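Heads up: the structure comes next, in structure tokens.
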Amino acid sequence: MGVVGCGRISHSHAKAAAPIPEKVRFVSCCDIREDGARAWAERYGCDSYYTDYTEMIRGEQLDAVLLATWPNQHREQIERCLDAGVRSILCEKALALTGTHALEIEKMVQAHRAFLMEGLMYRHHPAIAFMDEVLASGQLGPVDSIRADFSAFDAESDEPDDDNRNWRQRKECGGGVPYDFACYCVNACNHVADGLPKRVYCHGDISDRYGTINRMHGLIEYDGAVGVIESSKKADHSERLEIVGAHGRLVVPISWTIRNDIDIVVQRSTGWARYDRSSHVIANTNTKQRQLENFAAVIRCGAHPVVPLWESVIGAITMEALVDSLERRESVAVRIPSDLRALHQESKQ
Ligand SMILES: NC(=O)c1ccc[n+]([C@@H]2O[C@H](COP(=O)([O-])OP(=O)(O)OC[C@H]3O[C@@H](n4cnc5c(N)ncnc54)[C@H](O)[C@@H]3O)[C@@H](O)[C@H]2O)c1
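Going by my numbering, the first residue of the sequence shown is number 1, and it counts up by one from there.
Encoded structure:
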């Protein structure tokens, strides 16, 4: 693989690939910061490094590319990779800043008969597989609500005129909670709900300092269920996911960046205000490694991607509606094209 963007998250991918060289090896890397690209190549044993990714994808015989760049860059970089003949792309979240861009990406990937997976790594963790099993067993009953939080306090101390500040504080790069944090919450709600998102309402705030959305409190309406998302840079850290069913609840206390053993609690009422609780410890694992293994297995032997592209596109459409609702202060319909509806329907059968 070649990697575009040798910043923070790229290191986790390189470390995840190190124990599985027979499956994945990063042979080339690129960053607009030449010193960053050179250091990355030396540290992880790449054969070459570049400062222009278009030269890398034309010059190297790559099986796949990892895009570890800012969300505003993904659409154009995907198009250029596909046009240069790259057939498999692992694209960091968030896939795109708008539903329109995500749909364009889907069409391009289809037209090139290529494969693209969004790097929503939490979905590869066995804790989420356990959650899926509990849901499929029916023990929680029909899902009534999904409550997903992703918050972490940001002191907003960097100067707004510092062009080198973190992309998370730069609106033009896709900074702010929607594409940094809340995209996980939306993915989880859409993944767990039986139906498709129909309508959203979202309250939130814009940072005075950076113009980024720094708080989102949203409702996603499904047939017979609701998703409640909470994502704030003005709140203490939280990554809680709770599934509430007619006959029980399941809580994943840390969901998106699990780094230790995790204790999932399943609770069922046995009478009025009486509960039966069971606790399930899921051992820690390297989620990024599992993601790379799934990505490689799709390319090599046609395995199913844990996060199919159509899900990411529906996520981007839902997010666009939430942001639109936040800005207009009114509820907004989520319009899912018929081909994506059909793929969603197929997945539920
Ligand atoms: N899955 C996760 O756990 C996770 C965690 C953090 C970040 N991310 C995602 O990863 C992406 C990158 O985030 P980050 O925190 O690593 O950002 P970062 O700013 O640390 O790294 C991005 C790198 O891309 C480089 N870059 C910018 N434009 C480029 C171009 N045209 N060509 C080549 N390189 C270019 C920058 O110089 C920088 O080194 C974001 O989409 C983010 O949402 C995912």
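Ideal Cβ placement from N, Cα and C applies to all residues, glycine included. Being a predicted model, the structure only gives us computed values, none of them experimental.
Cβ-Cβ distance between residue i and residue j below 8 Å
i      : j      : result
Asn214 : Asp205 : yes
Ile282 : Ala102 : no
Glu242 : Arg249 : yes
Glu293 : Thr98  : no
Val266 : Val134 : yes
Ala353 : Lys93  : One cannot answer for residue 353 here, as it falls past the ends of the chain, which runs 1 to 349.
Tyr210 : Glu156 : yes
Ser28  : Gly2   : yes
Asn284 : Arg259 : yes
Phe130 : Ala182 : no
Gly119 : Gln345 : no
Gly138 : Thr69  : no
Glu311 : Asn190 : yes
Cys173 : Asn72  : yes
Ile78  : Met56  : no
Asp261 : Pro253 : no
Thr287 : His112 : no
Glu34  : Thr51  : yes
Closer than 7 Å: residue i CB and nearest ligand 1 heavy atom
i      : result
Gly211 : no
Met121 : yes
Gln61  : no
Glu159 : no
Asp180 : yes
Trp272 : no
Thr285 : no
Asp31  : yes
Glu92  : yes
Val4   : yes
Arg8   : yes
Thr54  : no
Ala148 : no
Ala68  : yes
Gln289 : no
Thr257 : yes
Residues of its chain near residue i, where Cβ-Cβ distance is below 7 Å and the 5 sequence neighbours each way are ignored
i      : result
Asp180 : Arg168
His74  : Leu67, Cys91, Leu95 and Ala96
Ala14  : Phe26 and Tyr44
Ile9   : Ala68 and Glu92
Residue range of the unbroken alpha helix (DSSP H) whose run includes residue i
i      : result
Tyr44  : Glu34 to Tyr44
Tyr53  : Tyr53 to Gly59
Gln345 : Ser338 to Lys348
Glu259 : The identity of residue 259 in the sequence shown is Arg, whereas the question assumes Glu. Counting along the chain, Arg259 falls outside any alpha helix (DSSP H), and DSSP gives it neither H nor E.
Cys81  : His74 to Asp83
Glu230 : Segment Ala225 to Ser232 is the beta strand (DSSP E) holding Glu230; no alpha helix (DSSP H) there.
Thr12  : The sequence shown places Ser at residue 12, not Thr. Ser12 -> alpha helix (DSSP H) spans Arg8 to Ala17.
Cβ-based neighbour list, residue i, same chain, cut-off 6 Å, excluding 5 preceding and 5 following
i      : result
Arg87  : Ala114
Leu322 : Val200, Cys202 and Gly218
Ser207 : Asn214
Pro221 : Per the sequence shown, the amino acid found at residue 221 is Glu instead of Pro. Answer for Glu221: Lys198 and Arg199, listed in chain order.
Val251 : Glu242 and Val265
Ser48  : Ser28
Arg38  : Tyr49
Ser269 : Tyr275
Lys171 : Gly211 and Thr212
Ala297 : Ala303
Proximal residues to residue i (C-beta, below 8 Å), its chain only, five neighbours per side dropped
i      : result
Leu326 : Cys202, His203, Gly204, Ile213, Met216 and Gly218
Phe295 : Val24, Ala64, Ser88, Leu90, Met117 and Pro305
Ile336 : Leu196, Pro197, Ile314, Ile317 and His344
Lys348 : Asp194
Continuous beta strand (DSSP E) stretch holding residue i: start and end
i      : result
Ile213 : Ile213 to Tyr222
His280 : Arg274 to Ile282
Leu97  : It is not in any beta strand (DSSP E) - Leu97 carries neither H nor E in the DSSP assignment.
His203 : Arg199 to Ile206
Arg147 : Val143 to Asp149
Phe115 : Phe115 to Gly119
Glu242 : Leu241 to Gly245
Check: residue i C-beta below 7 Å from any heavy atom of ligand 3
i     : result
Glu79 : Of the ligands one can find in the structure shown, namely ligand 1, none is ligand 3.
Query raised in the report: Is there contact between the region 318-333 and the region 190-203, where contact requires at least three CB pairs shorter than 8 Å?
Result: yes
Query raised in the report: Does the region 136-154 come within contact of the region 184-199, defined as at least 3 CB pairs closer than 8 Å?
Result: yes
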